[in-house]
Structures are given as structure tokens and as C-alpha cells.
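Numbering (our numbering), first residue to last: 46 to 179.
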Amino acid sequence: MTIAGINLVGVLLGAIAGFAFGAIYYTLLSKHWLDAIGKSEEDVKGRSAGPFVTSFVSLLVMGSVLAWHFDQQGSEGMSSVGAIGPAVILWLGFVVTSMATNNAFQGAKVKLTVLDSAHWLGVLVVQALIIARF
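Have a look at this one:
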């Protein structure tokens, strides 16, 4: 199903895959992430589902914008590998710059910016690979 050039199935599958990527990424790097935010495992246990819902909705929005961008660039029939370049450029231009600025003003460790930015790079690449297939 496509609306305004955006394949909703591709966006949904991309969001699911991006969410799974994040779960694996932060599970593997949880100790580094906890150190970067200055918290312990006990501090973050028992959190509400709110951040996970927010994350999934954000992934849907991100995937929709990525799909829209591909459509606007006339990238129909683009290979999955060809989708990686635009995803990386969008990541660098919008995600890294915003995250670095916000974290700098909050006094967060550079390690947090690196960890979180790398996560979003992975998410955008995963989403681009999937969306390009639809």
C-alpha cells in the first residue's frame, strides 16, 4: 500500500527492523551506554513502556521521511545498496548534528553522542535497505 509515494509496508517493516536493531545494539553495548549516561542497571530497571512506544513511533516517522525522500529523488528501482548513501548523508546532516548539539549543551559525555549516533546510523541504514526493496 502506497500513500504519496510512501510504501507503508516498507516503512512498517523498516521500523520493526530498526527497533530490533536497537534492541540488539543496546543489549550488546548496555554497560558502555550506562556508563555514558552515568547510571547503573538498577537505575533503569522497571522503566515504563513510554520510551519504547516513543521510539517505535519515531522509527515510523523516520522511515516515512526516508521513503518520501527516496520518492522525491526519483529513486524508484534504486538498489538497496544505493539507498545507503542518502541514509548516511541524512544521518550526518540531521541526526549527528542535532544529537551533538543537544548533548554538548546538556554536558553529556562525548561517548554518549558516539554510541547513540552510531545506533541511529545503523537504524537508518537498516531502514534504507528495507524501504528500497519496496
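From the three backbone atoms N, C-alpha and C, an ideal C-beta is built for every residue, glycine too.
Nearest to residue i by CA position, among the options, is which residue?
i, options, result
"VAL106", "ILE61, ILE129 and HIS164", "ILE61"
"ASP88", "PRO131, SER75 and VAL168", "SER75"
Cutting at 8 Å between CB atoms, please list the residues of its own chain near residue i, excluding the five before and the five after it.
i, result
"SER100", "PHE64 and GLY67"
"ILE129", "VAL170, ALA173 and LEU174"
"ALA145", "THR158 and SER162"
"ASN52", "MET46, ALA112, ILE176 and PHE179"
"HIS77", "LYS156 and LEU160"
Can you tell me the Cα-Cα spacing of residue i and residue j, whole angstroms?
i, j, result
"GLY50", "VAL140", "23 Å"
"SER124", "GLN117", "16 Å"
"VAL126", "VAL133", "12 Å"
"THR142", "ALA81", "18 Å"
"GLY119", "VAL168", "22 Å"
Just to confirm my understanding: we take residue i, look at its own chain, exclude 5 residues before and 5 after, and list those with CB closer than 7 Å. What are they?
i, result
"TRP165", "TRP136 and VAL140"
To which residues of the same chain is residue i closer than 6 Å at the C-beta, ignoring the five residues directly before and after it?
i, result
"GLY108", "VAL56, GLY59, ALA60 and GLN172"
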